[in-house]
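Trainee:
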Amino acid sequence: MKVIAIIPAYHEASVIAGVVRKTVSFVDEVVVVDDGSEDRTGETARAAGARVYTHVLNRGLGAALSTGMAAALKRGADVIITLDADGQHDPVEIPNFVRAINEKKVDAVIGSRFLGKTEMPALRRVYNRIGNLLTYLLFGIRTTDSQSGFRAFTRRGAQRLELKTNRMEVSSEFLKEIHDKQISFCEIPCSVKYTDYSMSKGQSFGVGISTAFKLVLRRLM
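Counting in this note's numbering, the sequence shown runs from 73 upward without gaps.
1. Would you grab the beta carbon distance between S220 and R185 for me? Rounded to a whole angstrom, and I think it's under 8 Å.
2. Beta carbon of G159, beta carbon of V91: below 7 Å?
3. Where V242 and V75 are concerned, what is the direct C-alpha to C-alpha distance, given to the nearest angstrom?
4. On the three-state DSSP scale, how would you describe H127?
5. Report back the beta-carbon spacing between I173 and A224 to the nearest angstrom; my notes put them in contact at under 8 Å.
6. Does H83 come within less than 7 Å of chain D when only Cβ atoms are used?
7. With a cut-off of 8 Å, do at least 3 Cβ pairs link the segment 197-217 to the segment 136-150?
8. Ends of the alpha helix (DSSP H) at T226?
9. Check the C-beta distance from A120 over to R93 and give it rounded, since I have them as a contact under 8 Å.
10. G114 bridges to which residues according to DSSP?
11. So A85 and R112 are supposed to be a Cβ contact under 8 Å. How far apart are they, rounded?
12. Would you say D150 and R227 are within 7 Å of each other, going by their C-beta atoms?
13. Give me the Cα-Cα distance between I166 and K248, rounded to the nearest whole angstrom.
14. Taking just the CA atoms, how far does L210 sit from D252?
15. In the DSSP output, what is V178 paired with across the bridge?
16. Output the distance between the C-alpha atoms of L205 and L195, rounded to the nearest integer angstrom.
17. Going by DSSP, name the residue or residues bridged to E101.
18. For a quick check, are the C-beta atoms of V99 and A136 less than 7 Å apart?
19. Give a yes or no on whether the C-beta atoms belonging to I88 and A77 are separated by under 7 Å.
20. Give me the residue from L155, V102, S138 and A142 with the minimum Cα distance to K265.
21. Taking just the CA atoms, how far does I213 sit from V103?
22. Reducing DSSP to helix, strand and coil, say where S276 ends up.
23. Distance, Cα to Cα, V170 vs V164?
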């Protein structure tokens, strides 16, 4: 079983090498999508052992994940893992996602911070609760962590996804696709390490409002 990890990255030169080095121990390949960074993100990731795909301009998280998914499928992935570039996710948990796919016979696994023991900052918890509610109201799918970036898909599950959004709203779009395409899924606990750096990379209130607006438009289309 070939497992490929996708790490979308934008201006992550200071941390990407460490994330890649930790991840390569648990997968067959690491694909980093450098989403138009103006620093050394791409070359730093490549030096650490990743295969790097580059967007000339910053196109957004959704576009980077779409590029990564397509690359992983082309490279023969049986399982695709997505995780963040800022060091929040612990690659040591990747085998838990693969195990869930094999044992529960599902095509998608969502890592949930609410099922684990992560101490989430209060404001971030509120944002995520709102995201969960909005995702349910708009797309009819219940999860405990709709905005999680730690996921796994089988090849079959990934091939059925049709991602059309380019930016932060892609997290909810993954769930919309899972619901609409009736892709079998489960949630498992995952841990998240919050640091000053990772918190600075998170979406602001304004971006959150913009994301919510785009989700509503997506539902009406």
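Note that beta-carbon positions come from the ideal geometry of N, C-alpha and C, so glycine has one too. Since the model is a prediction, treat every value here as computed from it, not as a measurement.
Mentor: From the atom records:
1. Right, the Cβ-Cβ distance comes to about 7 Å (below 8 Å), so this counts as a contact.
2. It is a contact, given that the beta carbons lie within the stated cut-off.
3. Rounded to the nearest angstrom, the gap between the Cα atoms of V242 and V75 is 22 Å.
4. H127: strand per DSSP, three-state reduction.
5. In this structure, I173 and A224 form a Cβ contact; the two beta carbons are roughly 6 Å apart against a cut-off of 8 Å.
6. Note that chain D does not occur in the displayed structure, where there is just one protein chain.
7. By the C-beta criterion, the segment 197-217 is judged not to be in contact with the segment 136-150, since fewer than 3 inter-stretch pairs fall below 8 Å.
8. Run containing T226: none in the alpha helix (DSSP H); it sits in the beta strand (DSSP E), R223 to T226.
9. About 5 Å separates the two Cβ atoms, so the contact holds.
10. When DSSP reads this structure, G114 sits in no beta bridge, so it has no partner.
11. Their Cβ separation, rounded to whole angstroms, is 4 Å, which keeps A85 and R112 in contact under 8 Å.
12. A contact, by the Cβ cut-off of 7 Å.
13. Our two residues, I166 and K248, have alpha carbons roughly 23 Å apart in a direct line.
14. Taking the straight line joining both Cα atoms gives about 12 Å.
15. Paired residues: none, contrary to the question.
16. Roughly 16 Å between the two C-alpha positions.
17. Answer is I76.
18. The answer is no: Cβ separation not under 7 Å.
19. Cβ atoms of I88 and A77: not closer than 7 Å.
20. Closest in C-alpha terms to K265, from the list L155, V102, S138 and A142, comes L155.
21. Cα atoms of V103 and I213: separation of roughly 29 Å, rounded to the nearest angstrom.
22. Residue placement at S276 cannot be trusted, given a pLDDT of 46 that sits under 50; the coordinates are not used to answer.
23. Distance from the CA of V170 to the CA of V164, rounded to the nearest whole angstrom, comes to 12 Å.
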